[in-house]
Amino acid sequence: MSKILVTGGAGFIGSHIVDAFIEAGHDVVVIDNLVTGKRENVNPKATFYEVDIRDGERVEEVFAAERPDVICHQAALANVRQSLEDPVTYAEVNILGSLVLLEMARKYGCQRFIYASTGGACYGEPEFLPVTEDHPINPLDPYGASKHAVEHYLFLYRHNYGLPYVVLRYPNVYGPRQDPLGEAGVVAIFTGLMLQGKQPTINGSGEQQRDFVYVSDIARANVLALERGDGIYNLGSGIPTDVNTIFAELKAITGYPGEAHHGPPKPGEVFRVYLDASKARKELGWEPTIPLKEGLQRTVDFFRQQQVVEG
């Protein structure tokens, strides 16, 4: 059993990872500033601290008290559009916040650092598909640049201080607890609107393609990365799905009677990206298990239940 510190553990993806670690028998400590995370997402068996990762003093207090074996770093600002408007804050949180954690890992002798990176935003417009880990890195937005910068620091910390690490480059993750009122997360946004009978907006033609993976599959990859793996891994299905298809599937599941509105395309957005996860399959023993239709059904069921509870 390990003691694992999960940053961003009150967030959409982080809270599912916390659940998976606890289910696997580990002791979990969560730090989250609750800017986008929700306290009710945090598993009651986890120890919770409301702390911002940029606050080195408070973060060190947590490390001194808890002495975690492993850091699973999920906390980040993750909105492409917002990053174009405010690149400095994105660098402060995503780069400097990560450096605070790396310094703590070094100082307190952590045995492993698992880092959530982005497969959707770090590669830029792909030169070949599906994208492998050795594809050139050409992010088109400050979010992708900030997430990738930390990968270099992880390499440096292993080279200079012997800190083992695993980088998991995420695809488009969807599922329960994603914010339907957020700027990112097309599945949650569309579901939230369609269940209220409101018209969703598709940015551009809707032909842009992404690699959608259900959140429990992503959580399982983090559990596997506790024991296995070294370096960088893409997580993805390798299956491209366009936004029009997501709308059509959700329309069928929710019973929404209308059509989508088409707005202008988003600046900084990659048109087509999907990931080759064969390295993760081989070295981590990971592959996604929840097909898209089933994952969308589970997501809609969750949001329906939320409406009943809140309604």
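Sequential numbering from 2 applies to the sequence shown in the numbering used here. Here a beta-carbon is modelled for each residue, glycine too, at the ideal position from N, C-alpha and C.
Beta-carbon spacing of residue i, residue j below 8 Å
i, j, result
"Pro-144", "Ser-99", "Sequence check: residue 144 is Tyr here, not Pro. Against a cut-off of 8 Å, the Cβ pair of Ser-99 and Tyr-144 comes out as no contact."
"Gln-75", "Thr-119", "no"
"Pro-181", "Phe-304", "yes"
"Val-31", "Ala-11", "yes"
"Ala-222", "Leu-155", "no"
"Ile-72", "Phe-22", "no"
"Val-274", "Ser-238", "no"
"Glu-250", "Leu-194", "no"
"Gly-121", "Asn-80", "no"
"Val-188", "Thr-300", "yes"
Boundaries of the alpha helix (DSSP H) in which residue i is found, first to last residue
i, result
"Leu-169", "Not the alpha helix (DSSP H): Leu-169 falls in the beta strand (DSSP E), residues 166 to 171."
"Leu-251", "244 to 255"
"His-160", "143 to 162"
"His-17", "13 to 24"
"Thr-349", "The structure shown has nothing for residue 349, since the chain only spans 2 to 312."
"Arg-299", "293 to 311"
Status (buried if at least 16 other CB within 10 Å, exposed otherwise) for residue i
i, result
"Asp-302", "exposed"
"Val-310", "exposed"
"Asp-135", "exposed"
"Asn-44", "buried"
"Leu-236", "buried"
"Pro-131", "buried"
Residue i versus the options, residue with shortest Cα-Cα distance
i, options, result
"Arg-82", "Val-132, Lys-267 and Gly-26", "Lys-267"
"Val-244", "Ile-291, Thr-192, Glu-104 and Val-224", "Thr-192"
"Leu-102", "Leu-6, Asp-20 and Glu-126", "Leu-6"
"Gln-209", "Ala-65, Trp-287 and Gly-269", "Gly-269"
"Lys-252", "Gly-198, Tyr-50 and Gly-207", "Gly-198"
"His-262", "Val-151, Gly-110, Pro-201 and Val-216", "Pro-201"
"Val-36", "Gly-183, Gly-110 and Ser-3", "Gly-183"
Closer than 7 Å: residue i CB and nearest the ligand MG heavy atom
i, result
"Arg-221", "Absence of the ligand MG is noted for the structure shown, with no ligands found whatsoever."
Residue i - containing beta strand (DSSP E), residue span
i, result
"Thr-119", "113 to 119"
"Glu-62", "Element bounds for Glu-62: not the beta strand (DSSP E) but the alpha helix (DSSP H), 57 to 67."
"Asn-204", "202 to 204"
"Phe-213", "213 to 215"
"Phe-49", "48 to 51"
Those residues which DSSP pairs with residue i across a bridge
i, result
"Thr-8", "Ile-32 and His-74"
"Tyr-234", "Leu-169"
"Val-132", "Leu-276"
"Gly-259", "For Gly-259, which the question treats as bridged, DSSP gives no partner whatsoever."
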